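Below you'll find the structure, written out as structure tokens, and then a few comments.
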Amino acid sequence: GENVEQHPSTLSVQEGDSAVIKCTYSDSASNYFPWYKQELGKRPQLIIDIRSNVGEKKDQRIAVTLNKTAKHFSLHITETQPEDSAVYFCAAIYFGNEKLTFGTGTRLTIIP
Amino acid sequence: GAVVSQHPSWVICKSGTSVKIECRSLDFQATTMFWYRQFPKQSLMLMATSNEGSKATYEQGVEKDKFLINHASLTLSTLTVTSAHPEDSSFYICSAQRTGSYEQYFGPGTRLTVT
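In order, the protein sequences belong to chains A and B. Quick note: to get the numbering used here, add 504 to the position in the first sequence (first position is 1). Quick note: to get the numbering used here, add 1 to the position in the second sequence (first position is 1).
What follows is the structure, given as structure tokens:
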């Protein structure tokens with residue numbers, strides 16, 4: 505089955521700086537890669553996703569890049585703000601399987 | 002759109018009793034719903050996949066007789082924790098997959114405490 509690794513497990517950045525979280529996946533059949541943000545005690549919120557036919561996607565301060573050859577994808581947050589502090593999970597899925605495989609999460613802390 | 006509700010948001014029960022958790026997609030149809038369990042500071046662990054009108058598919062290590070899942074309609078799935086024990090205390094989260102789409106949308110979660 506699919507295995508998703510996520511790094512780093514914790515990340516602290518100064519407000520205004522950029523944050524990058526990286527994930528690798530094992531199953532080359534995976535073709536959909538969402539990123540979720542989870543605040544303490546709350547539900548995971550889908551913040552951005554990318555499909556395997558696209559190399560990069562951007563939504564305001566958030567971007568995701570995908571390297572299918574290397575089987576890794578990354579989340580980039582620019583101009584970080586205190587409200588970006590949360591746990592971020594990457595995930596992978598291939599159509600037909602339906603099950604999301606989550607990474608282990610990254611606790612991002614934005615230092616004011 | 003894509004709102005998922007979960008009820009109750011928290012519950013405390015005694016050992017040996019059963020607890021039912023409901024997951025509803027409020028503004029879309031979901032052929033497939035998923036049930037996850039999350040321990041503090043850990044990732045989401047998939048327990049089972051629930052398909053409308055058919056039996057749930059459980060992940061390895063998850064007891065199907067203990068965690069009963071019913072997906073009676075395109076907008077409702079229920080998880081019943083039977084004969085609950087303290088080790089079942091956890092945060093249970095459902096997600097609903099919009100029919101014909103990849104995207105999964107999560108409910109707010111249910112914090113279960115078994116005393």
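Backbone N, C-alpha and C fix where the C-beta goes; we use that ideal spot for every residue, glycine too. A quick note: this is a predicted structure, and the numbers were derived from the prediction, not measured.
Exercise. Which residues mark the beginning and the end of the beta strand (DSSP E) in which residue 63/B is found?
Worked result: From DSSP, residue 63/B is part of no beta strand (DSSP E); its letter is neither H nor E.
Problem set entry | Nearest-angstrom Cα separation, counted from residue 589/A out to residue 23/B | 30 Å
Problem set entry | For residue 580/A, the first and last residue of its enclosing beta strand (DSSP E) | 576 to 581
Exercise. Relative to chain A, which residues along the region 69 to 93 of chain B have a C-beta separation below 9 Å, given in chain order?
Worked result: 92
Problem set entry | Under 9 Å (Cβ pairs) to chain B, residues found in the region 587 to 605 of chain A | 591, 593, 595, 597, 599, 602, 603, 604, 605
Exercise. Taking Cβ-Cβ distances shorter than 9 Å, what residues in chain B pair up with residue 608/A?
Worked result: 43, 44
For this session: Please confirm whether residue 72/B and residue 46/B have their CB atoms less than 9 Å apart.
Result: no
Exercise. What residues of chain A sit near residue 47/B, judged by a beta carbon separation below 9 Å?
Worked result: 603, 604, 605, 606
Problem set entry | Distance CB(residue 1/B)-CB(residue 81/B) smaller than 9 Å | Any question about residue 1/B goes unanswered here, given that chain B covers just 2 to 116.
Problem set entry | Selected residue, minimal CA-CA separation from residue 50/B, among 616/A, 615/A, 601/A | 601/A
Exercise. Within 10 angstroms of its Cβ, does residue 38/B collect 16 or more other Cβ (buried), or is it exposed?
Worked result: buried
Problem set entry | Residues bridged to residue 593/A [DSSP beta-bridge criterion] | 540/A
For this session: Within its chain, find whatever has a CB closer than 7 Å to the CB of residue 115/B; leave out the 5 residues flanking it on each side and keep chain order.
Result: 14, 16, 85, 86, 87, 89, 90
Exercise. Does the Cβ of residue 537/A have 16 or more other Cβ atoms within 10 Å, making it buried, or fewer, making it exposed?
Worked result: buried
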